[in-house]
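Working notes for the structure below.
Protein chains in written order, with our numbering: chain A, 28 to 224; chain B, 6 to 183.
Here it is, written out as structure tokens:
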């Protein structure tokens, strides 16, 4: 599926540009995006290092394990394939908490750590495990209590009430989270990998 | 009240984490600085692994957008948005949302500049922006970090969340702001 989406994005872009007679935009867009991608990664390195460093302290002190055990009742339902007290649980909880608080910078490193821990349970496969799919469903649809960026934009255009959108945002994300979790549950229960990983 | 509490919470969250975790670790006799450096080292290798995935995805998305194909897709979907009570100005936002965070922020800012943040379009754009996530970016970097190449149903789930988030945003805005 990803192969097809990727090809469609690329091919339809090039064909449209060719029909419009400005095929040179393709070259420019492709090259600058390639450079931009590396730039994004470089910007990530420092933040990743900071949070993974902090996380390692929390892990060595046993804090991650404690958090994981505290939230076990919910987490073991959402992630039946991850053993209780596994470090993946702690990382998932930290990632979701950071997302909810709108700390995007801290959320990404925790999320990657969670993925690495889940990959350990995935026997080195190059195919996503069920736990990973559930995690990403939660992650991409997660509620943010303070959508800080957009409030900032509204403020900069002199909105009379920049934060009035917070309530509606929470309503709408709750719906999308509900849909994502139910769909994930449905896929998981009818999956041909049922019972494994 | 609640909102100011939440704002304070998100302002204090990072300083508090940076204080509480190392202090807790020290009490638990963890060599805190050494543990920090050991963990931080992992940050570098993880990010390097993401680069090829991100280059592939960003090039395709960028070509799609710059060529004007995105605009055609938006105008092709215009009758659909009329049906659900969304102004057609919001369509590029909805189409780009799963693909590119910076592009969407640019589009939303532009809409607020043109129509004002307190217009119906401005409010809808704000709610949409605060609701959904850059699904493709998230999937690309998270799966990339562990070398997963087959995403299984994660894409469908993520996109359904985006679509339902969009519909829910439009619904609540029509209810509250129309």
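Heads up, the beta-carbon is just placed ideally off N, CA and C, and yes, glycines get one too.
Along chain C, which residues have their Cβ under 8 Å away from the Cβ of residue i?
i	result
residue 40/A	Absent from the structure is chain C; the protein chains it does hold are A and B.
Apart from the five residues just before and just after residue i, which ones in its own chain have a Cβ nearer than 8 Å to its Cβ?
i	result
residue 38/A	none
residue 129/B	91, 92, 95, 174, 175, 178, 182
residue 82/A	91, 118, 121, 136, 137, 140
residue 105/A	161, 165, 208
residue 192/A	174, 177, 178, 181
residue 129/A	171, 172, 173, 174, 175
residue 132/B	174, 177, 178
residue 70/B	101, 104, 105, 108
By Cβ distance below 7 Å, which residues in the same chain neighbour residue i in space, the five residues on each side in sequence not counted?
i	result
residue 170/A	127, 197, 200, 201, 204
residue 141/A	115, 118, 119, 122, 162
residue 112/B	97, 98, 101
residue 145/B	58, 59, 62
residue 167/B	102, 103, 137, 140
residue 89/B	172, 175
residue 50/A	44
residue 156/B	144, 148
residue 103/A	111
By DSSP's criteria, residue i is part of a beta bridge. Which residues make up the other side?
i	result
residue 155/B	154/A
According to DSSP, is residue i helix, strand or coil?
i	result
residue 33/B	coil
residue 184/A	coil
residue 3/B	As displayed, chain B neither begins before 6 nor continues past 183, which places residue 3/B out of reach and without an answer.
residue 116/A	helix
residue 130/A	coil
residue 196/A	helix
residue 28/A	coil
residue 89/A	coil
residue 169/A	coil
residue 217/A	helix
residue 267/A	Within the shown structure, residues of chain A are numbered from 28 to 224, placing residue 267/A beyond reach of any answer.
residue 44/B	helix
residue 63/A	helix
residue 139/B	coil
residue 48/A	coil
residue 102/B	coil
residue 182/B	helix
residue 163/A	helix
residue 236/A	The structure shown does not extend to residue 236/A, since chain A is modelled only from 28 through 224, so no value can be given for it.
residue 211/B	Because chain B is modelled from 6 through 183, residue 211/B falls outside the range shown and cannot be assessed.
residue 108/A	coil
residue 211/A	helix
residue 98/A	coil
residue 121/B	coil
residue 189/A	helix
residue 97/B	helix
residue 84/B	helix
residue 20/B	helix
Skipping 5 residues on each side, what residues in its chain have a beta carbon closer than 6 Å to that of residue i?
i	result
residue 105/B	66
residue 176/A	none
residue 72/B	none
residue 189/A	178, 181, 182
residue 221/A	Model confidence at residue 221/A stands at a pLDDT of 49, short of 50, so the residue's coordinates are unreliable; what they give is reported in the following sentence. Hits under 6 Å: none found.
residue 53/A	41, 44
residue 51/B	150
Query raised in the report: Which ranges does the alpha helix (DSSP H) cover as unbroken runs of at least 4 residues, wholly within the stretch 51 to 81 of chain B, from first to last along the chain?
Result: Counting whole runs of 4 or more residues, the stretch 51 to 81 of chain B contains the alpha helix (DSSP H) stretches 74 to 81.
**Report entry** the stretch 68 to 77 of chain A touching the stretch 123 to 138 of chain A, judged by at least three CB pairs closer than 8 Å
**Finding:** Contact between the stretch 68 to 77 of chain A and the stretch 123 to 138 of chain A is present, because at least three Cβ pairs lie under 8 Å.
Requested in this report: Taking 8 Å as the threshold, find out whether the stretch 144 to 162 of chain A comes into contact with the stretch 102 to 115 of chain A through three or more Cβ pairs.
Outcome: Inter-segment contact for the stretch 144 to 162 of chain A and the stretch 102 to 115 of chain A is present: three or more beta-carbon pairs are separated by less than 8 Å.
Query raised in the report: Between the stretch 80 to 88 of chain B and the stretch 62 to 74 of chain A, are three or more C-beta pairs nearer than 8 Å?
Result: The stretch 80 to 88 of chain B, when compared against the stretch 62 to 74 of chain A, does not touch it at the 8 Å Cβ threshold.
Query raised in the report: Is there contact between the stretch 172 to 188 of chain A and the stretch 156 to 166 of chain B, where contact requires at least three CB pairs shorter than 8 Å?
Result: Three or more beta-carbon pairs separated by less than 8 Å are not found between the stretch 172 to 188 of chain A and the stretch 156 to 166 of chain B, which leaves the two stretches without contact.
Query raised in the report: On the three-pair Cβ rule with 8 Å, is the stretch 21 to 37 of chain B touching the stretch 80 to 89 of chain A?
Result: Taking a cut-off of 8 Å for Cβ pairs, the stretch 21 to 37 of chain B and the stretch 80 to 89 of chain A touch, as three or more such pairs fall below it.
Query raised in the report: When the Cβ atoms of the stretch 61 to 70 of chain A are set against those of the stretch 41 to 60 of chain B, are three or more pairs found closer than 8 Å?
Result: The stretch 61 to 70 of chain A makes contact with the stretch 41 to 60 of chain B; the number of CB pairs closer than 8 Å reaches 3 or more.
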